[in-house]
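This report refers to the structure that appears directly beneath it.
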Amino acid sequence: MNIYLRLSYKWRALCSHLYTVLIRSSFAHIGKGSLFIYKADMLRGCPYISIGNNTEISQNCRLTAWDRHEEQQFCPNIKIGNNCKLGPYSHITAIGNITIGDNLLTGSNVLISDNAHGSLQDTNLPPLERPLKTKGDIHIGNNVWIGNNVCILSGVTIGDCAIIAAGSIVNKDVPAHSMVAGVPAKVVKAQ
Numbered sequence: 002m003n004i005y006l007r008l009s010y011k012w013r014a015l016c017s018h019l020y021t022v023l024i025r026s027s028f029a030h031i032g033k034g035s036l037f038i039y040k041a042d043m044l045r046g047c048p049y050i051s052i053g054n055n056t057e058i059s060q061n062c063r064l065t066a067w068d069r070h071e072e073q074q075f076c077p078n079i080k081i082g083n084n085c086k087l088g089p090y091s092h093i094t095a096i097g098n099i100t101i102g103d104n105l106l107t108g109s110n111v112l113i114s115d116n117a118h119g120s121l122q123d124t125n126l127p128p129l130e131r132p133l134k135t136k137g138d139i140h141i142g143n144n145v146w147i148g149n150n151v152c153i154l155s156g157v158t159i160g161d162c163a164i165i166a167a168g169s170i171v172n173k174d175v176p177a178h179s180m181v182a183g184v185p186a187k188v189v190k191a192q
């Protein structure tokens, strides 16, 4: 391997470790061995976010926990388990509870959101002024694999060892040990 490439990797690793040390105190908890690859795109509501041990948050990720929007007040909570890897450009956003088990692996551009800006009744308002709404908490089990460009919407539970195919939109529960695909996602294979 080219010496400059090796130096580049070492420099990036050093920057990531320093970055993680600098932001650690902002979060409710960041476990031992966890790392934010330099650098995150947006971190909001960090006191409501807990991250387990040996978890890697790739570059350009967004973690947002909203405790208020306009006149609304929320009690957000994002909990990410141990040994997880969130792919680049992924976004987790909560006004309620999002719980992720251990050993999650995601591709790039994954959206996990328990909220949306209003509904059809609110379309007369600009989108940023619409009330945030949710259909419920999101629970993602252990050993789940989520492909690139997946959207997981509010009120969904994903069982242990599930696989979510790339490009899927998950708006209903996913059974454990199954594979889902499509828009909206449907079970295509079950154990």
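Going by our numbering, the first residue of the sequence shown is number 2, and it counts up by one from there. Where is the CB? At the ideal position from N, CA and C, for every residue including glycine.
>> On the criterion of 16 or more Cβ atoms from any shown chain inside 10 Å, does Y49 qualify as buried, or is it exposed?
In response: Along the sequence shown, read from residue 1 onward, the residue named residue 49 stands at position 48. With a 10 Å radius around the Cβ and a threshold of 16 neighbouring Cβ atoms, Y49 comes out buried.
> Rounded to whole angstroms, how far is the Cβ of V157 from the Cβ of K173, which I believe are closer than 8 angstroms?
Replying inline: To locate residue 157, count along the sequence shown from 1; it is residue 156. To locate residue 173, count along the sequence shown from 1; it is residue 172. Confirmed, Cβ separation roughly 7 angstroms.
> Taking the alpha carbon of N83 as the point to measure from, which residue in S35, V171, S169 has its own alpha carbon closest?
Replying inline: Here the question's residue 83 lines up with position 82 in the sequence shown. Looking at the Cα atoms, S35 is the closest of the given residues.
>> I'd like to know if the segment 117-131 and the segment 80-98 are in contact, where contact means that at least 3 CB-CB pairs between them fall below 8 angstroms.
In response: no
>> Per DSSP, what are the beta-bridge partners of L133 in this structure?
In response: Here residue 133 is taken as the residue at index 132 of the sequence shown, counted from 1. Answer is H118.
> Is the CB-CB distance between K86 and E57 below 8 angstroms?
Replying inline: Position 85 of the sequence shown, counted from the start, is the residue given in the question as residue 86. Position 56 of the sequence shown, counted from the start, is the residue given in the question as residue 57. Going by C-beta atoms, K86 is nearer than 8 angstroms to E57.
>> According to DSSP, is H70 part of a helix, a strand, or is it coil?
In response: Within the sequence shown, numbered from 1, the residue matching residue 70 stands at position 69. Strand, per DSSP.
> For W12, does the count of other Cβ atoms within 10 angstroms reach 16, so buried, or fall short, so exposed?
Replying inline: Within the sequence shown, numbered from 1, the residue matching residue 12 stands at position 11. By the neighbour-count rule (16 or more Cβ atoms within 10 Å), W12 is not buried but exposed.
> Just the Cα atoms here: how many angstroms apart are R7 and A14?
Replying inline: Position 6 of the sequence shown, counted from the first residue, corresponds to residue 7. Position 13 of the sequence shown, counted from the first residue, corresponds to residue 14. Within the model, the alpha-carbon separation for R7 versus A14 is close to 11 angstroms.
> In three-state terms, what does DSSP make of A182?
Replying inline: Numbered from 1 along the sequence shown, position 181 holds the residue referred to as residue 182. The DSSP-derived three-state label of A182 is strand.
>> In whole angstroms, give me the CA-to-CA distance for H30 and I79.
In response: Indexing the sequence shown from 1 puts residue 30 at position 29. Indexing the sequence shown from 1 puts residue 79 at position 78. The straight-line gap from Cα to Cα measures roughly 11 angstroms.
> CA-CA distance, S9 and F37?
Replying inline: For the purposes of this step, residue 9 is taken as the residue at position 8 of the sequence shown. For the purposes of this step, residue 37 is taken as the residue at position 36 of the sequence shown. Computed Cα separation, rounded: 17 angstroms.
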